[in-house]
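Heads up: the sequence shown begins at 10 in this note's numbering, then just goes up one per residue.
Where a beta carbon is used, it is the ideal one built from N, C-alpha and C, also for glycine.
This report concerns only the one structure given below.
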Amino acid sequence: MEATSSLEDKFVERVKSRGAHFGSDSSGLDGHQLKTIQSCFEIFAESALDSLSQAQQYRILRVRKLFRKVYSTLGPVMVVLCMLADSVTNIAKLNLEILIPKLWDQIYVPKKGLKDAATALCQEHQAVLESSDTSLRKRKRNQNSLHRDVVGKASLPTTAQQVREEGSEADRVECKGAVFM
């Protein structure tokens with residue numbers, strides 16, 4: 010457990026270091042930082058999971074969840090600093106239950122430039138930050154669902170009248186708890 014805790018501690022130190030880089034009230038995000046943040050927001054696109062292996066999809070979903078939790082709990086400045094602190098691969102290794110309290114303990118008053126830039130970026134992407142993901146298991150289940158296999162085939166009777174009309178088909182239909190009159 011100590012190794013996991015130290016990962017979160019190192020990440021928090023990197024977040025603090027990123028926040029310290031914004032020295033003056035007027036300094037916002039530079040071009041490289043904006044590109045990094047835009048790359049992080051791209052993982053929220055539905056198509057971001059399409060060509061990835063199941064392990065890669067799992068990592069992306071973990072990072073999405075972490076960014077959403079940081080945004081909803083700690084606000085836009087902290088989520089932007091988290092996006093700048095490390096790679097998506099390393100962020101996926103973090104334990105959310107350990108990380109959030111550690112970030113919460115960091116009292117950070119953002120400079121005006123950073124606060125304005127972070128707020129604008131998060132407002133632009135507010136829909137994805139406030140939505141939730143369909144779990145990977147549900148996504149797989151939906152892809153292989155039975156209803157796709159029976160499209161275009163005859164349906165089973167659904168009413169008592171249909172059961173009576175179909176005669177021999179009714180012998181194969183088991184209706185537990187149903188009363189046909």
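Of the other Cβ atoms in all chains shown, fewer than 16 fall within 10 Å of the Cβ of E139; this residue is therefore exposed. Three or more Cβ pairs closer than 8 Å define a contact, and the stretch 92–100 meets that threshold against the stretch 13–26. Within the stretch 22–99, the complete alpha helix (DSSP H) segments of 4 residues or longer fall at 40–51, 63–83, 85–94, listed in chain order. Straight through space, the alpha carbons of R77 and E51 are spaced by roughly 14 Å. Boundaries cannot be given for K120, as no alpha helix (DSSP H) includes it and DSSP labels it neither H nor E. Counting of Cβ neighbours within 10 angstroms places P85 among the buried residues, the total reaching 16 or more.
8 Å or more divides the Cβ of G28 from the Cβ of L103.
Here the stretch 108–126 does not lie against the stretch 51–69, with fewer than 3 beta-carbon pairs under 8 Å apart.
Of L43, K25, L75, Q42, the smallest CA-CA separation from D142 is found for L75.
With at least 16 other beta carbons inside 10 angstroms of its own, L123 counts as buried.
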